[in-house]
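*Asks:*
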Amino acid sequence: MDPNLFHLDWDRTVEALAGIVVLAFLMERSLSLFFENRRLVRRLEGQGIKEMVAYVVALAVCIRWRFDAVSIIVLADKTSYLGEAITAAVIAGGSKASVKLFRDVLGFRSSAYDEVDRERKIKRAETQARAMKSLRDLGATPEIMDTAMKDLNR
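Just so you know, we're using our numbering here: the sequence shown kicks off at 2 and counts up by one.
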């Protein structure tokens with residue numbers, strides 16, 4: 002195909018992007034039932050499992066409903082598994098972005114996350130207090146204590 006003949010159909014492109022945004026939002030809200038559970042928040046935090054689960058769910062949705070945003074945008078004759086896989090990755094990434102928007106920007110947080118954050122802050126403060134006490138017991142100078150406190154607060 003002659004590359005000069007390529008063009009984007011902006012109506013279809015906007016519809017595909019709107020579909021991605023809506024699906025990302027639906028996924029984020031549906032998966033929050035599991036990911037914001039108090040027990041699971043502690044176990045899954047920082048392990049990268051949530052992202053993989055979001056991708057697998059998005060992939061299942063894209064395959065089931067044959068949603069391939071890449072084929073829609075480039076005006077392909079039919080959908081493909083590769084396009085569905087790429088679309089699923091974008092949806093799962095959008096789901097993560099929507100979580101960030103709700104939690105960090107808009108301040109909507111589950112009480113389970115607030116509880117885990119509170120516990121972490123308490124543990125961190127206890128660790129700092131033990132470290133400072135150990136330094137005092139060892140006869141550390143005020144400069145060393147200052148440096149240690151700065152390092153602990155990073």
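Yeah, the Cβ is synthetic: ideal placement off N, Cα and C, and Gly gets one too.
Quick one: is Val91 buried, meaning 16 or more other Cβ sit within 10 Å of its Cβ, or exposed?
*Replies:* In the sequence shown, residue 91 corresponds to position 90, counting from 1. When all chains shown are included, Val91 counts as buried.
*Asks:* Quick check on DSSP: helix, strand or coil for Gly84?
*Replies:* Within the sequence shown, residue 84 is the residue found at index 83, counting from 1. The three-state secondary structure of Gly84, taken from DSSP, is helix.
*Asks:* Identify, in the order they occur along the chain, each residue of the same chain with its Cβ nearer than 8 Å to the Cβ of Ile145, setting aside the five sequence neighbours on each side.
*Replies:* Mapped onto the sequence shown, residue 145 falls at position 144. Closer than 8 Å at Cβ, skipping near neighbours: Leu136.
*Asks:* Residue range of the alpha helix (DSSP H) that Glu29 falls in?
*Replies:* Your numbering for residue 29 matches position 28 in the sequence shown. Glu29 -> alpha helix (DSSP H) spans Trp11 to Phe36.
*Asks:* When you compare the stretch 68-80 with the stretch 12-27, are there three or more beta-carbon pairs, one atom per stretch, that lie closer than 8 Å?
*Replies:* yes
*Asks:* Please tell me whether Tyr56 and Ala98 are closer than 7 Å, where the distance is taken between their beta carbons.
*Replies:* On the sequence shown, position 55 is the one that residue 56 refers to. On the sequence shown, position 97 is the one that residue 98 refers to. Annotated as distal: Tyr56 and Ala98, with beta-carbon spacing of 7 Å or more.
*Asks:* Given a threshold of 16 other Cβ atoms within 10 Å of its Cβ, counted over all protein chains shown, does Glu116 qualify as buried or as exposed?
*Replies:* Here residue 116 refers to the residue found at position 115 when the sequence shown is read from its first residue. The residue in question, Glu116, is exposed, as its Cβ has fewer than 16 Cβ neighbours within 10 Å.
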